[in-house]
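Encoded as structure tokens, the structure appears first; notes follow it.
In the UniProt record's numbering, the protein residues as written are 1 to 445.
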């Protein structure tokens, strides 16, 4: 089968269905074996976590690139174009390469039909595609984000030298369990034998689960509060934050000051996780670190749809806070950075998330106006769904917006009236992606 456009090729990917639920890694291993196991031998840093994966991966990518290393990244979901999911040295996979590799997947799925497992579906296909592309490019390091969980995620066929666990909270409870300890068990499954382990700010109980897994696998668990740490945080308002990051080497404490422009206390967490992983990786491979170049890279790191300002007049930010953990972190950011501003919030979410938990968090924002809306996605909540939830919560603070596009364009048209107000668009990453697309086409970011 031949495809002429990326849209045609990715439509084929998304159309692949299989009623058999994949359990374990045998299915993805079978597919990898058919294409001669492109995943084996690649130098991999594997990243999981309830929140912070994307930002941590982006910080880490820029740090590694600053040292002249060739870096492959695999992330999801995409914000603007599918090509974002697979990149090499900061450049998204080209349309030609993407189409060529998807055409290979047609043959792979024809083969998989003959096996007991049946066809690969979207994320499984993406994973095989990424392995084939990285085998061609041979990066010095591959940064691979988990899709969901860890132990049973299809990216877990990779043998990572370093495992990162950013945060652990409740999300995808139907798949990962309804306790943080269960989630930690699933996520810590990415820790391989003798792999280095880097963790973020994780509560004691789930962190203990991670530590036990690290010990079981003879991992070198990089403790958050012993080998590395940070303090002296300075809020630079819209210019981000600065902080001192320290590490202990041969009993000596070394301190350096760093700055990031991405907003939010949690972005300091993500940046320090990336720094820990960066230093650990470079040390493990005996590589010299140019800290001046690394500092410049960290300071200039940006990430789409993570508290991204898409309009200056009026001021509009988008942020993909799509679960309770993310919304709580976003509230802290708003309280710290915009306590003296008038805030309007526009939110849309998915039916697969725990909206009974998320809407009360939204309500706790000290926002002047709080709007709920719907958007075009098969799992998006409708206005009727939101009204029913609001009734159940006995809440009248939410206003409903049926047409989010008209709402945003009207907000922009009335810029003179709204210049003192900040509009914060949040919720599903799919929703904020649609908002970003609208501004790119009609308003120009």
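The C-beta atom is built at its ideal place from N, Cα and C for all residues, glycine as well.
All values reported here derive from a predicted model rather than from experimental measurement.
- Contact check for residue 167 and residue 201: beta-carbon distance about 7 angstroms, within the 8 angstroms limit, so the pair qualifies.
- Around the beta carbon of residue 322, 16 or more other beta carbons sit within 10 angstroms, so the residue counts as buried.
- Here residue 156 is not near residue 23, since their CB atoms are 9 angstroms or more apart.
- Residue 80 counts as exposed, since fewer than 16 other C-beta atoms from the protein chains shown sit within 10 angstroms of its C-beta.
- Excluding sequence positions up to five before and after residue 257, its CB lies within less than 7 angstroms of the CB of 242 and 244, all in the same chain and listed in chain order.
- Here residue 318 really is in contact with residue 432; their C-beta atoms are around 4 angstroms apart, less than 8 angstroms.
- Judged by DSSP secondary structure, residue 399 falls within the beta strand (DSSP E) whose first and last residues are 399-401.
- Judged by DSSP secondary structure, residue 73 falls outside any alpha helix (DSSP H) and instead within the beta strand (DSSP E) spanning 71-74.
- Residue 27 sits away from residue 186, with the two beta carbons spaced by 9 angstroms or more.
- For the set 38, 303, 341 and 129, the Cα lying nearest the Cα of residue 366 is the one of 341.
- Sorting 327, 314, 425 and 105 by C-alpha distance to the C-alpha of residue 371 places 425 at the top.
- Contact check for residue 32 against residue 85 fails: the beta carbons are separated by 9 angstroms or more.
- Here DSSP, grouped into helix, strand and coil, assigns residue 191 to coil.
- Secondary structure at residue 229: strand, using DSSP grouped into helix, strand and coil.
- 9 angstroms or more divides the Cβ of residue 122 from the Cβ of residue 98.
- A distance below 6 angstroms between beta-carbons, with the five flanking residues on each side excluded, links residue 331 to the following residues of its chain, in chain order: 365.
- A distance below 6 angstroms between beta-carbons, with the five flanking residues on each side excluded, links residue 92 to the following residues of its chain, in chain order: 83 and 84.
- Per DSSP, the unbroken alpha helix (DSSP H) holding residue 53 starts and ends at 53-65.
- Going by DSSP, residue 436 is part of no beta strand (DSSP E) but of the alpha helix (DSSP H) stretching over 429-438.
- Judged by DSSP secondary structure, residue 140 falls outside any alpha helix (DSSP H); it is assigned neither H nor E.
- A distance below 6 angstroms between beta-carbons, with the five flanking residues on each side excluded, links residue 261 to the following residues of its chain, in chain order: 240.
- The stretch 34-47 and the stretch 300-316 do not touch, with fewer than 3 CB-CB distances between them shorter than 8 angstroms.
- Sixteen is the threshold: since fewer than 16 other Cβ atoms of the shown chains lie within 10 Å of the Cβ of residue 292, the residue is exposed.
- Secondary structure of residue 235 (DSSP, three-state): strand.
- Separation of residue 72 and residue 197 (C-alpha to C-alpha, rounded to the nearest whole angstrom) is 20 angstroms.
- The Cβ neighbour count for residue 209, taken over all protein chains shown within 10 Å, is at least 16; the residue is labelled buried.
- Ranked by Cα distance from residue 438, the options 100, 412, 182 and 54 are led by 412.
- Considering only 117, 327 and 247, the residue with the shortest C-alpha distance to residue 29 is 117.
- For the 9 angstroms CB-CB criterion, residue 281 and residue 141 form a contact.
- Between residue 149 and residue 59, the alpha-carbon positions lie close to 21 angstroms from each other.
- In the displayed model, residue 339 falls within coil according to three-state DSSP, outside both helix and strand.
- Rounded to the nearest whole angstrom, the CA to CA distance from residue 441 to residue 106 is 33 angstroms.
- Of the other Cβ atoms in all chains shown, fewer than 16 fall within 10 Å of the Cβ of residue 90; this residue is therefore exposed.
- In its chain, beyond the 5 residues on either side, 241 and 243 have a beta carbon closer than 6 angstroms to the beta carbon of residue 268.
- Residue 274 holds the alpha-carbon nearest to the alpha-carbon of residue 63 among 324, 345, 274 and 169.
- Proximity to residue 195 across 46, 264 and 386 peaks at 46, based on C-alpha coordinates.
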